[in-house]
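Below: one structure, written as structure tokens.
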Amino acid sequence: MNGTNRGLNRFFLLVVGLVLLALGAGAIALAALPNVLGDWGNQAKSVADNAPDWVAAPSVGQVSLLTVLIGVVAVVLALLLILFIARHGQGRTSRVIDDRTSDTGRTLVELGVPKSLLAAELDDRDEFVSTRVSAYDVKGTPTLKVSVQCRRGVSPVEAARIVTEALYGMDEVLGTRLPAMVQVTGGFRSRSAARARLA
Amino acid sequence: MSDANAAYSRIRRRETHASRSRPAIVTAVVLVLALAYLVTEIVLAAAGQQPLLASPTQMVQGLSSLGGVPVVWFVVGGIVLVVLALVLIVLAIGGGRRSRHVLDDDRAVVVVDNEVIASALVRAAADADSVDPDRAVAAVTHRAATVRVTPSSGVSVNSDAIRRALDERLQAWGLKPALRARVRIEKQGKVGA
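Chains X and V are the protein sequences, given in the same order. In this text, residue positions in the first sequence follow this note's numbering: the first is 288, and each later residue adds one. In this text, residue positions in the second sequence follow this note's numbering: the first is 32, and each later residue adds one.
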């Protein structure tokens, strides 16, 4: 329901995976082909001996210009990664209706309204251990998310019917139909809770 | 209504597939820590302080004198890296289906955890042939539901009746994707009611 960029997640995992694959394959190649290891040593030695000033000569303390550049790139990369982490799981909203179409003014309905309307219907149902109502902005459309945790043995269709009936009742009160998602879960508490007696 | 339909099919797809947020965040945190360490060493070296583990110069020297390291370590390290890389690549391009099913509904998108379906099927099986629900276990995968019943010793269990009851339920529920019912009666019964 949230706005997490899933394509970006997968792309990021793929890039890191490919880099690690290259490093791992390189390490194995170094071990498997003895002359590669020898070549590596010779190359490294000649590169180190012929290093230009900005790579080898200390400019800041004992650190060369190249090292400073690497440090700056590392800081920028780290900040980008932190931004990437922080952008996960956004998209919750607390406003379910924002109607400006009327001539007389603007109508706002906060999440509290559907929450209490649905709670009145669902809270004392024996079928459910708990219910939770939240709202997300799905591509600009506020959408309700109703999570119900069922007791052991409750038919999922029955659970869905109870919730959709409550949703229809809510539509009646609000005078409009809010898009909604119903999540039916079980979970540890419902497993350890006694089997509900249903008429 | 096509707008709402598009939104609903987007929600349906996203709720039945993993977001890959957790592995992506874990990977990013590990990378940030590694970069933070690198920057710390660079700053310490620039300030002329003692390194935590190895100064940048020592790191480069270590890389250029790899010849001194036993070959075994290359193989071990390489294999660890390759396995890690394959895990990430599979996460990146794998399907990522979550153990959930979608229920047809006019009003809302309804997603049901497989766990709930399993528990309801156990009850259906128990009601069909008066088996104690604690003696039946159900496992629900993407396309199949398997109910295992452990009979009480000496009491026969009518597996056909149970399968019929399960099929009937599954048909009526109309889960997507559809489930095929299977019933296994354990050979070894248990003593007691």
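Note that CB positions come from ideal geometry on N, CA and C, so glycine has one too. The structure displayed is predicted, hence computed values, not measured ones.
About 5 Å separates the beta carbons of P443 of chain X and V147 of chain V, which is inside the 8 Å limit, making them a contact pair. Under DSSP, I216 of chain V forms a beta bridge with V:V180. With respect to chain X, the C-beta atom of R179 of chain V has no partner C-beta closer than 8 Å.
Using a Cβ-Cβ distance cut-off of 8 Å, the region 381-392 of chain X and the region 449-469 of chain X are in contact, since at least three pairs of beta carbons, one from each stretch, lie closer than that value. With a threshold of 16 other beta carbon atoms within 10 Å, Y423 of chain X meets it and is buried. In the three-state DSSP reduction, V118 of chain V falls in the helix class (H, G or I). Under the DSSP assignment, V363 of chain X falls in the alpha helix (DSSP H) whose first and last residues are L352 to A373. Shown in chain order are the members of the region 108-120 of chain V whose Cβ falls below 9 Å from a Cβ of chain X: G108, G109, I110, V111, L112, V113, V114, L115, A116, L117, V118, L119 and I120. Contacts with chain V (Cβ-Cβ distance below 7 Å) from the region 439-458 of chain X involve R439, G440, V441, S442, P443, V444, A447, T451, L454 and Y455, listed in chain order. One finds A59 in chain V with Cβ atoms closer than 7 Å to the Cβ of F371 of chain X, taken in chain order. As the crow flies, the alpha-carbon of L409 of chain X is around 22 Å from that of H132 of chain V.
With a contact defined as Cβ atoms closer than 8 Å, L454 of chain X and A139 of chain V qualify at about 6 Å. Rounded to the nearest whole angstrom, the C-alpha separation of A192 of chain V and D163 of chain V is 15 Å.
Rounded to the nearest angstrom, the gap between the Cα atoms of W104 of chain V and A319 of chain X is 12 Å.
Residues H132, H173 and R174 of the same chain have their beta carbon placed closer than 8 Å to that of P208 of chain V, with the five preceding and five following residues left out of the count. Three or more beta-carbon pairs drawn from the region 430-445 of chain X and the region 402-421 of chain X are found closer than 8 Å, and the two stretches are therefore classed as touching. For D136 of chain V, the nearest beta carbon of chain X is closer than 8 Å to its own beta carbon. The C-alpha of L112 of chain V lies about 20 Å from the C-alpha of S95 of chain V. In the three-state DSSP reduction, M457 of chain X falls in the helix class (H, G or I). Where E397 of chain X is concerned, the enclosing beta strand (DSSP E) starts and stops at T394 to E397. Exclusion of the five residues before and after R194 of chain V leaves A212 and V214 as the residues of its chain whose Cβ lies within less than 7 Å of its Cβ. Contact of P429 of chain X with chain V by beta-carbon distance below 7 Å is absent, the smallest such distance being about 10 Å. Contact with chain X is found for I148 of chain V, since one of that chain's Cβ atoms lies less than 8 Å from the residue's Cβ. Listed along chain X are R297 and L301, each with a C-beta nearer than 8 Å to that of I124 of chain V. Between L75 of chain V and V114 of chain V, the alpha-carbon positions lie close to 34 Å from each other. Residue contact check for R211 of chain V against chain X: no CB pair falls below 8 Å. By the beta-carbon neighbour count (other beta carbons within 10 angstroms, threshold 16), S187 of chain V is exposed.
The DSSP-derived three-state label of D136 of chain V is coil. By the C-beta criterion, the region 75-94 of chain V is judged not to be in contact with the region 397-407 of chain X, since fewer than 3 inter-stretch pairs fall below 8 Å. At a C-beta separation below 9 Å, L405 of chain X has no neighbours in chain V, since its nearest C-beta there lies roughly 12 Å away.
For the C-beta of R293 of chain X, the chain V residues within less than 7 Å are, from N- to C-terminus, S50 and R51. No Cβ-Cβ contact shorter than 8 Å links M288 of chain X with V469 of chain X. For the beta strand (DSSP E) assignment, the uninterrupted runs of no fewer than 3 residues enclosed by the region 150-215 of chain V are, from N- to C-terminal side, 167-171 and 175-180. The three-state reading of DSSP puts M468 of chain X in strand, counting E and B together. Residue pairing for V143 of chain V: DSSP places it in a beta bridge opposite X:V471 and V:H132. Here the alpha carbon of L97 of chain V sits roughly 7 Å from the alpha carbon of G328 of chain X.
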